[in-house]
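This report refers to the structure that appears directly beneath it.
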Amino acid sequence: MGTLIGKEREEDLPRVSHWKFKEKQGISDKFNSRGYTRVPLSIEAKAYGGEGYGGITDSETYYVYKDSIVTPLINSREHSYTKETLYLTNGKTLRISSELILLIQSIEKSKYILDLKDNWDDEGAKAYLEDTWIKAIRFIVNYAELILANTGKSIIAPDIYHGPDGSIDLLWKHLSFNLLINIPKDNMLLGTFYGDDYSSQKIEGSFNPELVKASLFPMLVNLS
Amino acid sequence: MSFDENKIPNEDSLFLRVHKSNIVGNKIIPGAYTIKGDGGLSTDWSHYSTAQQSLARSKNPNDNGIVKFNVREVRALELKVVHRPLEDNVAHSEIIGIPVNNPNKTKTRLLLDQIAQWEIPYPR
């Protein structure tokens, strides 16, 4: 049989399994015959456990075997990326994968927001809070890292702008879609978003920026 | 005071002043389409004002650009367009119905951005 990751003996498998396997010839048939269903490893797979295994290369696709629950979504691949330090403001830093270079550039450009002083619009607007900008940056970096870890792809980088009422806007104006995400100043308020394909397909809603879900913005995964 | 919501023809245009602080790298940012206070989004009706006249009414014309909205396209977003003349500006009109709260405010800002067209760009 193929190599089993995380358990040495087949009989150790739980009936509803969350274990990951290297996909090797023969193993699929074996588990299919036992009534398991093979599904691509979901982007929430880490929540199921299975950490701490070794010997995985990034060219392999992993699966979970379940006997009843089918979790669709994205094939997961394990990658190891070089991290670099992103300097935010006032000595605060963030670790970010160097593959996310376009996002890093967008973040650097957005630092102008921190330079907006009171009355920046000549109509009495207040300066932006450093914490709000950092909250928006953490959100998009966490989201991008999640997508990178699970698909091996960088997200399409947003333009990051100052928004209304001290909030921060993340804007994508892509050929095939546009999307606006707003991160509010008030920590009690949810982030909000609206996007469409310039036609009839639309998404909109709210989300907690601290609890990133990879499935929230599928259009941001660059499939090219 | 009530206003006739159908007074301004669909074929006409509205001019919106955009301050340079809401223009980043020649792009108008979605924050430009935000109402201040209790009213609507202040614009000038093309029936009474040219874009140049609208620009001239800003505090500092050198720090602003003018974008144009087609009234029909604004109404298609389920927003209302009303003529609300001021003592010193007979062209003054407002786009009303822009949600004050999210998430609809986020949606409306992006949709307004989609239909806005530069009439007098900034920087010039």
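Protein chains in written order, with the numbering used here: chain D, 146 to 369; chain V, 71 to 194.
Backbone N, C-alpha and C fix where the C-beta goes; we use that ideal spot for every residue, glycine too.
Chain-ordered chain D contacts of residue i [CB-CB under 7 Å]
i, result
"G101/V", "Y306, H307, G308, P309 and D314"
"L180/V", "N323, L325 and Y339"
"T176/V", "L325, N327, T337, F338 and Y339"
Residue i: contacting residues in chain D (beta-carbon distance under 9 Å)
i, result
"S91/V", "L261, W265, D266, D267, A270 and H307"
"K129/V", "D267 and E268"
Interface partners of residue i on chain B, CB under 9 Å
i, result
"T104/V", "No chain B appears in the structure shown, which is made up of the protein chains D and V."
Residue i: contacting residues in chain V (beta-carbon distance under 7 Å)
i, result
"F284/D", "Going along chain V, no residue has its Cβ under 7 Å from F284/D, so there is no contact; the nearest lies around 15 Å."
Alpha-carbon spacing of residue i relative to residue j, whole angstroms
i, j, result
"I326/D", "D183/V", "14 Å"
"L324/D", "V152/V", "29 Å"
"N130/V", "S299/D", "42 Å"
"E244/D", "A289/D", "10 Å"
"E189/V", "H319/D", "23 Å"
"R240/D", "L231/D", "6 Å"
"L293/D", "L111/V", "40 Å"
"Y306/D", "E75/V", "33 Å"
"K256/D", "I249/D", "11 Å"
"T154/V", "F322/D", "Sequence inspection shows Arg at residue 154/V; the Thr mentioned does not correspond to that position. Their backbone Cα atoms lie some 35 Å apart in a straight line."
"G135/V", "L149/V", "23 Å"
"A126/V", "R194/V", "14 Å"
"D267/D", "T227/D", "44 Å"
"I348/D", "A121/V", "35 Å"
"L156/V", "E164/V", "11 Å"
"L356/D", "S119/V", "49 Å"
"G269/D", "N295/D", "44 Å"
"Y96/V", "E229/D", "In the sequence on display, residue 96/V carries Asn and not Tyr. Cα to Cα, N96/V sits roughly 31 Å from E229/D."
"A102/V", "W265/D", "13 Å"
"I78/V", "S124/V", "17 Å"
"I98/V", "K254/D", "16 Å"
"K358/D", "Q346/D", "21 Å"
"G197/D", "K106/V", "In this prediction, G197/D scores a pLDDT of 30, lower than 50, which makes its location untrustworthy; the coordinate-derived value is nonetheless stated afterwards. If I take the Cα positions, the gap works out to 53 Å."
Residues near residue i in its chain [Cβ-Cβ closer than 8 Å; skip 5 each side]
i, result
"K191/D", "Low local confidence applies: a pLDDT of 34 at K191/D is under 50, so the model's placement there is unreliable, and no value is given."
"S336/D", "The sequence shown places Gly at residue 336/D, rather than the Ser named in the question. Once the five neighbours on either side are set aside, the close Cβ partners of G336/D are F284, I326, N327, I328, P329, S351, F352, N353 and P354."
"M333/D", "none"
"L274/D", "G311 and K330"
"V286/D", "L231, L239, I241, L245, L248 and I252"
"S259/D", "For the record, residue 259/D in the displayed sequence is Leu; it is not Ser. So the list reads T234, Y273, E275 and W278, once near-sequence residues are dropped."
"K90/V", "D133, N134, G135, Y192 and P193"
C-beta atoms of residue i and residue j nearer than 7 Å
i, j, result
"L86/V", "T104/V", "no"
"P100/V", "D341/D", "no"
"T178/V", "I166/V", "no"
"V144/V", "A186/V", "no"
"D158/V", "H117/V", "no"
"A161/V", "W115/V", "yes"
"P303/D", "L316/D", "yes"
"L84/V", "F139/V", "yes"
"I301/D", "L365/D", "yes"
Within chain D, the residues that residue i reaches when beta carbons sit closer than 8 Å
i, result
"V94/V", "Y257, D304 and Y306"
Same chain, Cβ closer than 7 Å to residue i, five either side skipped, listed in chain order
i, result
"D263/D", "K271 and A272"
"L370/D", "Any question about residue 370/D goes unanswered here, given that chain D covers just 146 to 369."
"S128/V", "R87 and N134"
"D237/D", "The sequence given here places Lys at residue 237/D; Asp does not occur at that position. I279."
"S308/D", "For the sequence presented, residue 308/D should be read as Gly rather than Ser. Here the set comprises D314 and N327."
"G109/V", "E164"
Contact test: residue i Cβ vs the ligand HEM heavy atom, cutoff 6 Å
i, result
"L320/D", "With respect to small molecules bound, the structure shown includes none, and the ligand HEM cannot be examined in it."
6 Å CB neighbourhood of residue i in its chain, flanking five on each side removed
i, result
"F112/D", "It is not possible to answer for residue 112/D, since the shown part of chain D is limited to 146 through 369."
"K175/V", "P169"
"R142/V", "N80"
"I93/V", "Y192"
"F362/D", "none"
"N171/V", "none"
Would you list, in chain order, the members of the region 318-329 of chain D that have their beta-carbon closer than 9 Å to a beta-carbon of chain V? Answer in chain order: K318, N323, L324, L325, I326, N327 and P329.
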